[in-house]
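Q:
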Amino acid sequence: MISPAGAGWCLGGTRPAILKTVSCSYQPREKTAMPAQPPQRKPPWLRRPLPLAGGAAGLEAGLAGQGLGTICQEGRCPNRAECFGRGVATFLAMGQVCTRACAFCAVRSGRPQPLDPGEPERLARQVAAMDLSFVVVTSVTRDDLADGGAGHLARVVAELRRHCPGVGVELLVPDFRGSAAALATVLEAGPEVLAHNLETVDRLSPRVRPAAGYRRSLELLARAKQMVPAQMTKSGLMLGLGEGRDEVLAALQDLRAAGCGLLTLGQYLSPSPRHHPVVEYVSPQAFQEYEAAAKDMGFAAVAAGPYVRSSYLAERYYRQAVGQPGPG
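Set out below in structure tokens:
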């Protein structure tokens, strides 16, 4: 059993209050309307057709028939047609309603329904039917649950092991409000990759994700490595929210200090006028420069580009990081 006791890695050498057990009292948050911004014209490198047809439409219908959600759909991912067309999807567990209201996120916020106890097995059976060798599972944040949904996510991994022997699992988790016990629960399930996104730089974090915290996210990643030193961890940043180059590099250094091995960097695209506006369209050359800097810092694998998202080509980059042959 992985014990949360003694998992006290902290930035700055202090032991934060977030290591205490948290209660499950909460009030669902609502998105705050952002100031009206004139729409920026997308640059040429962000213009491409995104049809949903053929195999992609068939996969979407099949998922809906099983009552399964994907972050591809709920998060309005621009890569959805490409990934669905390849028969790949990132599953969204624990419902489609989040208890938080981050300024960048398209997922609905409010008071979610109780957990569906049949979801872990249905999800695993769908993965088996899709004949996947690697699967990414993420979730909404469930601050209404005492364990933040950690037990449910652990059951998802257990069902994947039962129905899909040999499948690689990447689990993209919320911050569990800093609960070391909840983190230990998902680590005990044994995902190949434990992912948690930093999302943005320190200065912008209070505005972009007000119910989360920059330091809390770093501490989760560092604690995961302390609990299971061999655990591969992963994180990602959105660029174009108003951050500066030095701030991005500082965030990458913070992630490396927390032991993070896999990194994604992608362009932020605002889902609606109610969300945080796009401040900048980051050039492909700038992404290449960030990728080179991240590799120099020691990240095992880096995916960086305008259309990169947290789970984009996840198997390729995982296998690259661990030195295994994999899909091209």
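Take the working numbering: the last position of the sequence shown gets the number 344, and nothing is skipped along the way. Note that the Cβ used here is the ideal one computed from N, Cα and C, for glycine as well.
1. Tell me whether Asp312 is buried or exposed, calling it buried when 16 or more other Cβ atoms sit within 10 Å of its Cβ.
2. Please classify Gln269: does DSSP put it in a helix, a strand, or coil?
3. Considering just the uninterrupted stretch of the beta strand (DSSP E) at Met243, what are its terminal residues?
4. Taking 6 Å as the line, does the beta carbon of Thr115 fall inside it for any heavy atom of the ligand MG?
5. May I ask which residues mark the beginning and end of the alpha helix (DSSP H) holding Glu135?
6. Should Thr201 and Asp160 be called a contact, given that it needs their Cβ atoms to be closer than 7 Å?
7. With the cut-off set at 7 Å, would you say Pro133 and Val173 are in Cβ contact?
8. Do Val143 and Val152 have their beta-carbon atoms positioned less than 7 Å apart in this structure?
9. On the DSSP bridge list, what partners appear for Phe150?
10. With distance defined between alpha-carbon atoms, name the residue in His168, Leu214, Phe107 nearest to Gly8.
11. Who does Met17 pair with in a DSSP beta bridge?
12. Sort Pro226, Val298, Ser195, Phe192 by Cα distance to Arg261 and report the nearest one.
13. Mind pulling the beta strand (DSSP E) runs of 3 or more residues that sit fully within the stretch 295-331?
14. State the start and end residues of the unbroken alpha helix (DSSP H) segment that holds Ala201.
15. Taking Phe315 as the reference, give the member of Ser327, Leu329, Ala273 with the closest Cα.
16. Look at the alpha carbon of Thr249 and the alpha carbon of Arg332, and state the distance between them as a whole number of angstroms.
17. One question on the structure: do Pro190 and Thr157 come within less than 7 Å of each other, judged by their Cβ atoms?
18. Tell me the residue span of the alpha helix (DSSP H) that contains Ala174.
19. Measuring only the C-alpha atoms, how far is Leu188 from Leu265?
20. Just list the residues that DSSP pairs Met254 with in beta bridges.
21. Among Leu62, Leu148, Gln301, which residue has its Cα nearest to the Cα of Leu176?
A: Considering the structure as presented:
1. Within the sequence shown, numbered from 1, the residue matching residue 312 stands at position 296. Residue burial annotation: Asp312 is exposed, with fewer than 16 other C-beta atoms found within 10 angstroms of its C-beta.
2. As a first step, residue 269 is located in the sequence shown; it is residue number 253 there, counting from the start. The answer is helix: DSSP assigns Gln269 an H, G or I state.
3. Taking the sequence shown and counting its residues from 1, one reaches residue 243 at position 227. Met243 -> not in any beta strand (DSSP E); alpha helix (DSSP H) instead, spanning 230-243.
4. For the ligand MG, the structure offers nothing, since it holds no ligand at all.
5. In the sequence shown, residue 135 corresponds to position 119, counting from 1. Note, Glu135: alpha helix (DSSP H), 135-146.
6. In the sequence shown, the residue the question calls residue 201 occupies position 185. In the sequence shown, the residue the question calls residue 160 occupies position 144. No, the pair does not count as a contact, with Cβ atoms beyond the cut-off.
7. Here residue 133 corresponds to residue number 117 of the sequence shown, with the count starting at 1. Here residue 173 corresponds to residue number 157 of the sequence shown, with the count starting at 1. Going by C-beta atoms, Pro133 is not nearer than 7 Å to Val173.
8. In the sequence shown, counting from the first residue as 1, residue 152 sits at position 136. In the sequence shown, counting from the first residue as 1, residue 143 sits at position 127. Remark: C-beta atoms of Val152 and Val143 do not approach each other more closely than 7 Å.
9. Walking along the sequence shown from the start, residue 150 turns up at place 134. Beta-bridge partners of Phe150 (DSSP): Gly184.
10. Absent from the structure is residue 8, since the part of the chain shown begins at 17 and ends at 344.
11. Stepping through the sequence shown from its first residue, residue 17 is reached at position 1. According to DSSP, Met17 bridges with nothing at all.
12. Position 245 of the sequence shown, counted from the first residue, corresponds to residue 261. When Pro226, Val298, Ser195, Phe192 are compared, the shortest CA-CA separation from Arg261 is found for Val298.
13. Qualifying beta strand (DSSP E) stretches, in chain order: 317-321.
14. The residue you call residue 201 lines up with position 185 of the sequence shown. Looking at the sequence shown, residue 201 is not Ala but Thr. Taken as a continuous stretch (DSSP letters only), the alpha helix (DSSP H) holding Thr201 covers 196-204.
15. Along the sequence shown, one-based indexing puts residue 315 at 299. Ranked by Cα distance from Phe315, the options Ser327, Leu329, Ala273 are led by Ala273.
16. Reading the sequence shown from its first residue, position 233 is the one you call residue 249. Reading the sequence shown from its first residue, position 316 is the one you call residue 332. Across the structure, Thr249 and Arg332 are spaced so that their CA atoms are roughly 15 Å apart.
17. Counted from its first residue, the sequence shown places residue 190 at position 174. Counted from its first residue, the sequence shown places residue 157 at position 141. Yes, Cβ-Cβ distance for Pro190 and Thr157 is below 7 Å.
18. As a working mapping, residue 174 is identified with position 158 in the sequence shown. For Ala174, the uninterrupted alpha helix (DSSP H) segment begins and ends at 166-179.
19. Walking along the sequence shown from the start, residue 188 turns up at place 172. Walking along the sequence shown from the start, residue 265 turns up at place 249. Distance between Leu188 and Leu265, taken at the CA atoms: about 23 Å.
20. Against the sequence shown, residue 254 aligns to sequence position 238. Beta-bridge pairing links Met254 to Gly282.
21. As a first step, residue 176 is located in the sequence shown; it is residue number 160 there, counting from the start. Of Leu62, Leu148, Gln301, the residue nearest in Cα terms is Leu148.
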